[in-house]
Amino acid sequence: MKLMNGKNVAKSILENIKERTSSYEKKPGLAVILANNDEASKIYVNSKEKISDSLGFKSSVYRFNKSVTQGEIISLIHELNEDSEINGILVQLPLYNHLNQEQIIELIDPKKDVDGFHPINIGKLNCGLKPYAVCCTPKGIIKLLKAYKVKLKGQSVLVIGRSNIVGKPLATLLTLEDATVTLAHSKTKDLKSLTKNADIIISATGHPKLITADMITKGTVVVDVGITRQLTGGLVGDVDFEKIKDIAGYITPVPGGVGPMTIASLMENVLELFEQQNKRQE
Ligand code: GUN
Numbered sequence: 000m001k002l003m004n005g006k007n008v009a010k011s012i013l014e015n016i017k018e019r020t021s022s023y024e025k026k027p028g029l030a031v032i033l034a035n036n037d038e039a040s041k042i043y044v045n046s047k048e049k050i051s052d053s054l055g056f057k058s059s060v061y062r063f064n065k066s067v068t069q070g071e072i073i074s075l076i077h078e079l080n081e082d083s084e085i086n087g088i089l090v091q092l093p094l095y096n097h098l099n100q101e102q103i104i105e106l107i108d109p110k111k112d113v114d115g116f117h118p119i120n121i122g123k124l125n126c127g128l129k130p131y132a133v134c135c136t137p138k139g140i141i142k143l144l145k146a147y148k149v150k151l152k153g154q155s156v157l158v159i160g161r162s163n164i165v166g167k168p169l170a171t172l173l174t175l176e177d178a179t180v181t182l183a184h185s186k187t188k189d190l191k192s193l194t195k196n197a198d199i200i201i202s203a204t205g206h207p208k209l210i211t212a213d214m215i216t217k218g219t220v221v222v223d224v225g226i227t228r229q230l231t232g233g234l235v236g237d238v239d240f241e242k243i244k245d246i247a248g249y250i251t252p253v254p255g256g257v258g259p260m261t262i263a264s265l266m267e268n269v270l271e272l273f274e275q276q277n278k279r280q281e
């Protein structure tokens, strides 16, 4: 088995960030808005806060209960957009059902959009222009593949899942790396024929054991972005890890694979936004 250990790669990225910021007088500031009741989101947000604090960043987390209104979130975003101490704004998704996610994301100043979800940043990415920030999970996946020297140029990469958070921006980034990308989703016919012919499979669906051993050709690189909490409390990915680990060329574990890379990329984005904003003020 050849494991792609996201935890280790993320650790060295975070150490590098800490070193870069240690000499700064001002510290990067991250604001996180949590307006949902989702257990996984609470865990992610706690972890983002903890790591941000450990790097010496200033993080403020705004937690809302279900009575929050669209207007309250909008006012907070306006306030954070104007606050010079805040360099990055992150709205944890999904939001409570009664909130309008698209409107909220569009109100974030694109220069502070640390997730790279604003249409301006997505548009820049699609045009091959440099966004203010690149979506954290796709960025982390590319970094992880590169850390293990996985070749992307010319390779057939199958991305499963077409979300705005992972699948679509990841397909764009891989295309920029000269990969040949297929974007599959829940309506795709005969997924197995696609997985069998791929050099790299990246699954981001949240369906445990969607990818089984019979779907994998020897040597294929398998990246598991799925995270589902089982009734027993453990976390599982989309991939039947135990049965696939000795067939795959490289494979990511869950947890300890893509998750830590997402957070490391987020911290890198906070720092990059901080540097961009402070440069402009000089
Ligand atoms: N929900 C699941 N992944 C993410 C992410 O990367 N950013 C935000 N804001 N919400 C998420």
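Sequential numbering from 0 applies to the sequence shown in numbering that gives the first Met the number 0. Beta carbons: idealized from backbone N, C-alpha and C, even for Gly. Predicted model only: the values in this text are computed from it and were never measured.
Just the C-alpha distance for GLY154 and LYS25, rounded to the nearest angstrom, thanks.
-> For clarity, residue 154 is Gln in the given sequence; the question names Gly instead. Straight-line Cα distance between these residues: approximately 43 Å.
With GLN100 and LEU94 assumed to form a contact (beta carbons below 8 Å), what rounded beta-carbon distance in angstroms separates them?
-> 5 Å
Start-to-end residues for the alpha helix (DSSP H) that takes in SER192 | Where SER192 is concerned, the enclosing alpha helix (DSSP H) stretches over 190-196.
What's the call for THR20, buried or exposed, on a 16-neighbour Cβ count within 10 Å?
-> buried
Beta-carbon spacing of ILE199, VAL238 below 8 Å = no
GLU281 versus GLU274: straight-line alpha-carbon distance, rounded | Unreliable positioning characterises GLU281 in this predicted model, as indicated by a pLDDT of 45, which lies under 50. A coordinate reading is not provided.
Considering only the beta carbon of each residue, do CYS135 and LEU265 sit closer than 8 Å?
-> yes
What residues are listed by DSSP as bridge partners for ARG161?
-> Per DSSP, none; premise fails for ARG161.
Quick one: is the Cβ of GLN91 within less than 7 Å of any heavy atom of the ligand GUN?
-> yes
Would you give the residue range spanned by the alpha helix (DSSP H) that ASP52 belongs to?
-> 38-53
Measuring CB to CB, does PRO168 end up less than 8 Å from PRO118?
-> no
Who are the near neighbours of LEU272 in its chain, counting only those whose CB is closer than 8 Å to its CB and skipping five residues on each side?
-> Around LEU272: PRO27, ASN86, GLY87, LYS110, LYS111, VAL113, TYR131 and ALA132.
Hey, how far is the Cα of MET260 from the Cα of ILE140?
-> 7 Å
Stretch-stretch touch, CB-based, cutoff 8 Å, three pairs: the stretch 209-229 with the stretch 246-257 | yes
Check whether the Cβ atoms of TYR61 and ILE104 sit closer than 8 Å, and answer yes or no.
-> no
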